Amino acid sequence: MTATPAIRPAIGPAVRPASLPRRLQELLAVLVDLMLPRSCAGCGRSGYAACARCAAALAGPPVLAAPGPTASPGRRGHDARRPLRPPPRGVAAAPFEGTTRVLLLAYKERGRLDLAHILGAALARAVAAVTREHRRRSRSATVVVVPVPTTPAARRRRGFDHVARLAEIAARALTRSGTPARVSRVLRVLRPGLDQAGLGAAARRRNRSGAFAVRPGARPRTWPEIVVVVDDIVTTGATLAEAVRALRVAGWAPVGTAAVAATPLRRLDLRVRRAIVRACPP
């Protein structure tokens, strides 16, 4: 697409002061977003959050996402006394490139909250793909969508929890389609770490090691549930792998991970691609 994306400036601190409660900040952000004139975040066409042509970038078949490193469930990294557990299957709604990349970054970094429903619907498709076989075996099971937690600093900067919002929209979309689903924000940030941008796969793993934990007192329910961890973007899978590790330590059993978009496998190291194919068979 050759047109320059027309993306509105993010809503600044004057509109979302840090002193306001988080819920009020989110409400103000939505109200301001609705009042501003809309243009497609992908191509600039007026009257749309994302026009039909740009939204179609999210509507293709789901793609495999890097599941992250294989790790022992009992502690950070690998414990030689415990068998390695394979990472769960990872799926994304679309490759993180082209129009999909533009739409996601507009939502995440430039205040385009009007894209949340389009991106949340795409996330619902990825969750459905991950859970399809499990749903066939247990039609009465509820899909539990666990968002990767956002650091307090990132939440203050954006004025909202961008992953949790997509998770809520995805859960509602799944429920409307006949798949019972709910969001469980059981993960919390223990150690923020560095910005992941620009880090290689090994550095991302080290940066995310021990970053998350399950909130005190949060326990998986006894009746059938299908737990899926979700994020907005997957690059090497290090963040989702750490989230899965934290859940397993606390007794949860996630069956897979899902995201709106993932870095195309062809851009990853050959060894990483082979590991993904082994961990995530068709």
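Positions in the sequence shown are counted from 1; adding 9 to them yields the numbering used here.
Built from N, CA and C at the ideal position, the CB exists for glycine as well.
Nothing here was measured: the structure is a model prediction, and the numbers come from that model.
1) Count the other CB atoms, across all protein chains shown, that sit within 10 Å of the CB of GLU118; report buried if there are 16 or more and exposed otherwise.
2) Below 8 Å, can you find three or more Cβ-Cβ pairs linking the stretch 96-107 to the stretch 130-141?
3) Please report the straight-line C-alpha distance between CYS292 and CYS52, rounded to a whole angstrom.
4) Using DSSP's beta-bridge definition, name the partner residues of GLU234.
5) For the alpha helix (DSSP H) that contains ARG119, what are its first and last residues?
6) Report the rounded CA-to-CA distance for THR109 versus ILE178, giving the unit in angstroms.
7) Given this structure, state the Cα-to-Cα distance separating GLY107 from ASP241, to the nearest angstrom.
8) Check ALA271 in the structure and name its three-state DSSP category.
9) In the DSSP assignment, the beta strand (DSSP E) including PRO183 goes from what residue to what residue?
10) From the DSSP output, in three-state form, read off GLY265 for me.
11) Give me whichever residues DSSP pairs with ARG105 in a beta bridge.
12) Per DSSP, which residues does LEU73 bridge with? Please list them.
13) Excluding the 5 residues preceding and the 5 following ARG224 in the sequence, name in chain order all residues of the same chain whose CB lies nearer than 6 Å to its CB.
14) Under the rule that 16 or more other beta-carbon atoms within 10 Å means buried, what is PRO233, buried or exposed?
15) Which of the three DSSP states, helix, strand or coil, is assigned to ALA220?
16) Going by DSSP, what residues sit across from ILE127 in a beta bridge?
17) Going by beta-carbon coordinates alone, are PRO2 and PRO263 separated by less than 7 Å?
A quick look at the data gives this:
1) Stepping through the sequence shown from its first residue, residue 118 is reached at position 109. By the 10 Å Cβ count, GLU118 comes out exposed.
2) yes
3) Residue numbering for the chain in the displayed model covers 10 to 291; residue 292 lies beyond these limits and cannot be assessed.
4) If you number the sequence shown from 1, residue 234 lands on position 225. THR151.
5) Residue mapping note: residue 119 aligns to position 110 of the sequence shown, counting from 1. Unbroken run through ARG119: none, as it is neither H nor E.
6) Start at 1 with the first residue of the sequence shown, and residue 109 comes out as number 100. Start at 1 with the first residue of the sequence shown, and residue 178 comes out as number 169. Going from the Cα of THR109 to the Cα of ILE178 covers about 18 Å.
7) Residue mapping note: residue 107 aligns to position 98 of the sequence shown, counting from 1. Residue mapping note: residue 241 aligns to position 232 of the sequence shown, counting from 1. The alpha-carbon atoms of GLY107 and ASP241 are separated by roughly 16 Å.
8) Walking along the sequence shown from the start, residue 271 turns up at place 262. In the three-state reduction of the DSSP assignment, ALA271 falls in the strand class.
9) The sequence position of residue 183 within the sequence shown is 174, counting from 1. The residue asked about is misnamed: residue 183 is Leu in this sequence, not Pro. First-last for LEU183: 171-185, but that is the alpha helix (DSSP H), not the beta strand (DSSP E).
10) Sequence index remark: in the sequence shown, residue 265 carries index 256 (1-based). Note: GLY265 maps to strand in three-state DSSP.
11) Sequence index remark: in the sequence shown, residue 105 carries index 96 (1-based). For the record, residue 105 in the displayed sequence is Phe; it is not Arg. Answer is none; PHE105 lacks a bridge partner.
12) On the sequence shown, position 64 is the one that residue 73 refers to. Looking at the DSSP assignment, LEU73 forms a beta bridge with VAL100.
13) In the sequence shown, residue 224 corresponds to position 215, counting from 1. Result list for ARG224: VAL195, ARG197, in chain order.
14) Locating residue 233 in the sequence shown gives position 224, counting from the first residue. The residue is exposed, with fewer than 16 neighbouring Cβ atoms inside 10 Å.
15) For this step, residue 220 is matched to residue 211 along the sequence shown. The answer is coil: DSSP assigns ALA220 none of H, G, I, E or B.
16) The count along the sequence shown starts at 1 and reaches residue 127 at position 118. ILE127 is not bridged to any residue.
17) Given that the chain is displayed from residue 10 to residue 291, the structure contains no residue 2 and the question cannot be resolved.
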